[in-house]
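Visitor:
Numbering (full-length UniProt numbering), first residue to last: 1 to 872.
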């Protein structure tokens, strides 16, 4: 198959539109027949080109007349009919073998269940069609299958009827009243358990809610159902959006490439993001399930009702919907803590992506594989772009803009420009420059310099923005950067601001709107030098280069009124200390620790007024991913030595305080799912993790006891992970026990894989190699691959260990997976994103393996596109 790039600039509106399509599925054990009958109209001159891959064409008819072989042409990717009427009925029959479909795209079978995944380009593996998001069509679907094996037959929209065919088979009829692109089509057929509920909308309509899972697991769907209720209510209250169908269904599937899919009215989820109870799921799992259920539900308007013109606009729906699910999560928990978690994830993943060989704009200009668009830049950075719009116009202004967006574009396939115009116009804001956030890649850098003129009572803040070169974009135009800020007096009180250039949004937030390369903001009427608090709430996805004094950082860490910035100052202080320690470790010198930083950690531990969830965040040190971005050279061993030494010193100096915290919160409401109790457990387990750094047998006995007496998965997993990353005598017994208890639960056993893949022990690679041959590991199952191999690839310390052949092993696995499932293989390729930062010898080892993979002629375009970037 040719592997050529496609470009945004080449977009052309579709030559044909499809008013309606009837899909008839005849499901059997060894094959599936699909008859697609469409009402087609020409919109432009030209031949009819239908997308289709890996299909067996049985017949093609136009207006009831079967075409001869010389009237059409079939290539690897298309069915081409040179001559068609301006308006006609198109009938295509194809034959599929879902049971052999290991790509998990199109129609496939998972543990005896037929299901689909059509985003981005899976529909073309079901039938020949115009597989592009700007062809929106009315769908009616019939599904025929064996009644005993497949009692549940689901598709999009409304149930019309179920017909017993009298021969051991049955037929289901579905009709979706809303036009949609083919990537939102879905089908599920199988023998499934279900829980049911109803939701009454703001206007009194009753919606039937159903969550399906394998028999015996449906009771673990209750949290997903509760999350769906919360999401529907929140969207009505915050955005005025009411659900528009009679039914809303979620189905949990074990074999699924992604997390979940927002198919209209029939969401298909990875099982790990549906199944949960306190015995099998951690607090983080509960939080993630709530967030993802909300995300997929919110797509009903931001993605389904208003969809994409083309795949280059993917962030139009994904960035916006991530923003909406983050806002939902902030309202369900603690807004400050949620913001910290969102930014931590952004920095660890998206900032690294933007600094690596696969950096791309939020709205890309080109691609080889559309599936590679599903990145943190499109999703998380896209969300930050939406958040900046809200920051500029304020919450009320943003809601006004969203109302305008739906008023203008409901039922349409649109672009990021359309969205920006809908937000800017009713708020009288010019977003022309702001749209550079969509078009320019890279993480901007904002340099900050302060000067206080005591004679004039003026405080000068000079800002200068820049953006590093990225692939295809050596130079950048200035961004429009909203920097939320404040000034504090020496007691920590907010000062009134006297500065002509400050704007105040409708929420009363003070903004420096940096639009030029250099700008200076002058604050007048000050009796003494204030302390600057800048980039509050992380109001823009930028890197600050701000050499604030150590005293100011400690002051802000204690006194700032913005909780995000309090924690941010702790991170900055930790980074400064790490930089010195890493330099000493690389020079093989004795690492010097900062007594002031240690004593500050003591103060945090002893602060009884601090919220436990926030305290847990304050105690976190900068992650390995952040260190890799901040340091010019990725020296994993030096990172490990520095980070371990600092954690051990904090634990040594605060042993009693950490034990007191552990004892205070251990065993308190172990079954509770209240976010406040989640915070208690987070802090308690953070304390235990610090204590484990001491390698004290007494402490490891406490860890071991927590494992055996745990009443929830959070405590059990914490203990198992700490023991897995140790040489404790308890290690092997605990790992064996966990496996024995959960070996038949595919969702939970993946936690066991990850606990071992993420350790920092010298033998981690050998453990991972052995686990790939374990009977519980199936290399065709995406969750198994992600929990073991992808987790190991993200283990910077052991993946980049100079004493192992980790790169060669990883390349072998990518090449093994790629022919079966290119999407999953491509996700593993991200482990090589740091190659440019490696020391020469390590870089050569990595490049050797990348070149070996790229040299494989049959390598998928998904993997090839990402790996080739690392070679340039």
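Idealized CB from N, CA, C, for every residue including glycine. Note that the coordinates shown come from a computational prediction; the quantities given were computed from them, not determined experimentally.
Using DSSP with H/G/I as helix, E/B as strand and the rest coil, what is residue 624?
Guide: Stepping through the chain shown from its first residue, residue 624 is reached at position 624. Helix at residue 624.
Visitor: Does DSSP put residue 220 in a helix, in a strand, or in coil?
Guide: As a working mapping, residue 220 is identified with position 220 in the chain shown. Three-state DSSP puts residue 220 in a helix.
Visitor: Using a Cβ-Cβ cutoff of less than 6 Å, which residues in the same chain neighbour residue 82 once the five nearest sequence positions on both sides are dropped?
Guide: Start at 1 with the first residue of the chain shown, and residue 82 comes out as number 82. Contacts found: 47.
Visitor: When the Cα atoms are used, what is the spatial distance from residue 870 to residue 537?
Guide: Within the chain shown, the letter at position 870 stands for residue 870. Within the chain shown, the letter at position 537 stands for residue 537. Those two C-alpha atoms are separated by around 33 Å.
Visitor: Starting from residue 640 and walking both ways along the beta strand (DSSP E), at which residues does that stretch end?
Guide: Taking the chain shown and counting its residues from 1, the one referred to as residue 640 is at position 640. Segment 636 to 653 is the alpha helix (DSSP H) holding residue 640; no beta strand (DSSP E) there.
Visitor: Unbroken alpha helix (DSSP H) runs of length 4 or more, entirely within the segment 693 to 757: which are they?
Guide: Segments of the alpha helix (DSSP H) lying fully in the segment 693 to 757: 697 to 709, 713 to 724, 731 to 742 and 746 to 757.
Visitor: Report the rounded CA-to-CA distance for residue 12 versus residue 19, giving the unit in angstroms.
Guide: The residue you call residue 12 lines up with position 12 of the chain shown. The residue you call residue 19 lines up with position 19 of the chain shown. Their backbone Cα atoms lie some 19 Å apart in a straight line.
Visitor: Using CA coordinates, which residue listed in 425, 812, 362 and 488 is at the minimum distance from residue 436?
Guide: Counted from its first residue, the chain shown places residue 436 at position 436. When only C-alpha atoms are compared, the closest one is 362.
Visitor: Run through DSSP, which three-state label would residue 397 get?
Guide: For the purposes of this step, residue 397 is identified with residue 397 of the chain shown, where counting begins at 1. It is helical.
Visitor: Report the rounded CA-to-CA distance for residue 798 versus residue 354, giving the unit in angstroms.
Guide: The residue given as residue 798 occupies position 798 in the chain shown. The residue given as residue 354 occupies position 354 in the chain shown. One C-alpha to the other measures close to 23 Å.
Visitor: Looking only at its own chain, which residues have a Cβ that is under 6 Å from the Cβ of residue 141, when we skip the five neighbours before and after it?
Guide: Counting from 1 along the chain shown, the entry for residue 141 is found at position 141. Result list for residue 141: 23, 155 and 174, in chain order.
Visitor: Mind reading off the beta-carbon distance from residue 41 to residue 16? Whole number of angstroms is fine, and I expect it under 8 Å.
Guide: As a first step, residue 41 is located in the chain shown; it is residue number 41 there, counting from the start. As a first step, residue 16 is located in the chain shown; it is residue number 16 there, counting from the start. Rounded, the Cβ-Cβ distance is 7 Å, consistent with contact.
Visitor: Is the segment 167 to 184 touching the segment 110 to 119, taking contact as three or more C-beta pairs under 8 Å?
Guide: Because the criterion of three Cβ pairs below 8 Å is met, the segment 167 to 184 and the segment 110 to 119 touch.
Visitor: Please classify residue 524 as buried or exposed, where buried requires at least 16 neighbouring CB atoms within 10 angstroms.
Guide: The count along the chain shown starts at 1 and reaches residue 524 at position 524. Residue 524 comes out exposed.
Visitor: If the criterion is Cβ atoms closer than 8 Å, does the pair residue 822 and residue 59 meet it?
Guide: Position 822 of the chain shown, counted from the first residue, corresponds to residue 822. Position 59 of the chain shown, counted from the first residue, corresponds to residue 59. No.
Visitor: One question on the structure: do residue 125 and residue 112 come within less than 8 Å of each other, judged by their Cβ atoms?
Guide: Here residue 125 is taken as the residue at index 125 of the chain shown, counted from 1. Here residue 112 is taken as the residue at index 112 of the chain shown, counted from 1. Contact flag unset, no.
Visitor: Buried or exposed: where does residue 287 fall if 16 or more other Cβ atoms within 10 Å of its Cβ makes it buried?
Guide: Numbered from 1 along the chain shown, position 287 holds the residue referred to as residue 287. Buried: at least 16 other Cβ atoms inside 10 Å.
Visitor: With a threshold of 8 Å on Cβ separation, who are the neighbours of residue 1 within its own chain once the five nearest residues in sequence on each side are excluded?
Guide: Taking the first residue of the chain shown as 1, we reach residue 1 at position 1. With a pLDDT of 45 at residue 1, under the threshold of 50, the predicted position of this residue should be treated as unreliable, though the coordinate-derived value follows. If we look at residue 1 and ignore the five residues flanking it on each side, its Cβ neighbours are 76, 77 and 861.
Visitor: Taking the C-alpha atoms as reference points, what is the distance between residue 149 and residue 190?
Guide: Mapped onto the chain shown, residue 149 falls at position 149. Mapped onto the chain shown, residue 190 falls at position 190. Answer to the nearest angstrom: the Cα atoms are 6 Å apart.
Visitor: Where do the N-terminal and C-terminal ends of the beta strand (DSSP E) with residue 249 fall, by residue?
Guide: The residue given as residue 249 occupies position 249 in the chain shown. Counting along the chain, the beta strand (DSSP E) containing residue 249 begins and ends at 247 to 253.
Visitor: Could you check if residue 179 is buried or exposed, using at least 16 other CB atoms within 10 Å of its CB as the buried criterion?
Guide: Counting from one through the chain shown, the residue named residue 179 turns up at place 179. Per the 10 Å Cβ criterion, buried.
Visitor: Whose C-alpha, out of 639, 610 and 857, is nearest the C-alpha of residue 587?
Guide: The residue labelled residue 587 in the question sits at position 587 within the chain shown. Checked all of 639, 610 and 857; the closest Cα to residue 587 is 639.
Visitor: Can residue 534 and residue 668 be called in contact, C-beta distance under 8 Å?
Guide: Locating residue 534 in the chain shown gives position 534, counting from the first residue. Locating residue 668 in the chain shown gives position 668, counting from the first residue. Cβ atoms of residue 534 and residue 668: not closer than 8 Å.
Visitor: Whole angstroms are fine: how far does the CA of residue 318 sit from the CA of residue 389?
Guide: Working through the chain shown from its first residue, we reach residue 389 at position 389. Working through the chain shown from its first residue, we reach residue 318 at position 318. Between residue 389 and residue 318, the C-alpha separation is close to 15 Å.
Visitor: Give the straight-line distance between the Cα atoms of residue 28 and residue 35, rounded to the nearest whole angstrom.
Guide: Indexing the chain shown from 1 puts residue 28 at position 28. Indexing the chain shown from 1 puts residue 35 at position 35. Roughly 14 Å separates the two Cα atoms.
Visitor: Jot down the residue ranges of each uninterrupted alpha helix (DSSP H) in the segment 773 to 858, minimum 4 residues, whole runs only, in chain order.
Guide: Whole alpha helix (DSSP H) segments, 4+ residues: 782 to 785, 796 to 799, 806 to 817, 822 to 828 and 840 to 854.
Visitor: Looking only at C-alpha atoms, which of 172, 240 and 602 sits nearest to residue 160?
Guide: The residue given as residue 160 occupies position 160 in the chain shown. Among 172, 240 and 602, the Cα nearest to that of residue 160 belongs to 172.
Visitor: On the criterion of 16 or more Cβ atoms from any shown chain inside 10 Å, does residue 7 qualify as buried, or is it exposed?
Guide: Locating residue 7 in the chain shown gives position 7, where the first residue counts as 1. The residue in question, residue 7, is exposed, as its Cβ has fewer than 16 Cβ neighbours within 10 Å.
Visitor: Taking the beta carbon of residue 901 as the centre, do at least 16 other beta carbons fall within 10 Å, making it buried, or is it exposed?
Guide: One cannot answer for residue 901 here, as it falls past the ends of the chain, which runs 1 to 872.
Visitor: Give the DSSP bridge partners of residue 482, in chain order.
Guide: Stepping through the chain shown from its first residue, residue 482 is reached at position 482. Answer by DSSP bridge pairing, in chain order: 513.
Visitor: Taking the continuous beta strand (DSSP E) assigned at residue 116, which residues delimit it?
Guide: Here residue 116 refers to the residue found at position 116 when the chain shown is read from its first residue. 113 to 117 is the span of the beta strand (DSSP E), which, as asked, contains residue 116.
Visitor: Assign residue 128 to one of three DSSP states: helix, strand, or coil.
Guide: The residue given as residue 128 occupies position 128 in the chain shown. Residue 128: coil per DSSP, three-state reduction.
Visitor: Rounded to whole angstroms, what is the Cα-Cα separation between residue 293 and residue 846?
Guide: Along the chain shown, one-based indexing puts residue 293 at 293. Along the chain shown, one-based indexing puts residue 846 at 846. Using only the alpha carbons, I get a separation of about 38 Å.
Visitor: In whole angstroms, what separates the C-alpha of residue 697 from that of residue 728?
Guide: Residue mapping note: residue 697 aligns to position 697 of the chain shown, counting from 1. Residue mapping note: residue 728 aligns to position 728 of the chain shown, counting from 1. About 8 Å.
Visitor: Which same chain residues end up closer than 7 Å to residue 224 when comparing Cβ atoms and leaving out the 5 residues on each side of it in sequence?
Guide: Within the chain shown, residue 224 is the residue found at index 224, counting from 1. 211, 250, 274, 289 and 293, listed in sequence order.
Visitor: Among 621, 734, 234 and 56, which has the Cα closest to the Cα of residue 326?
Guide: To locate residue 326, count along the chain shown from 1; it is residue 326. Comparing Cα positions, the closest option is 234.
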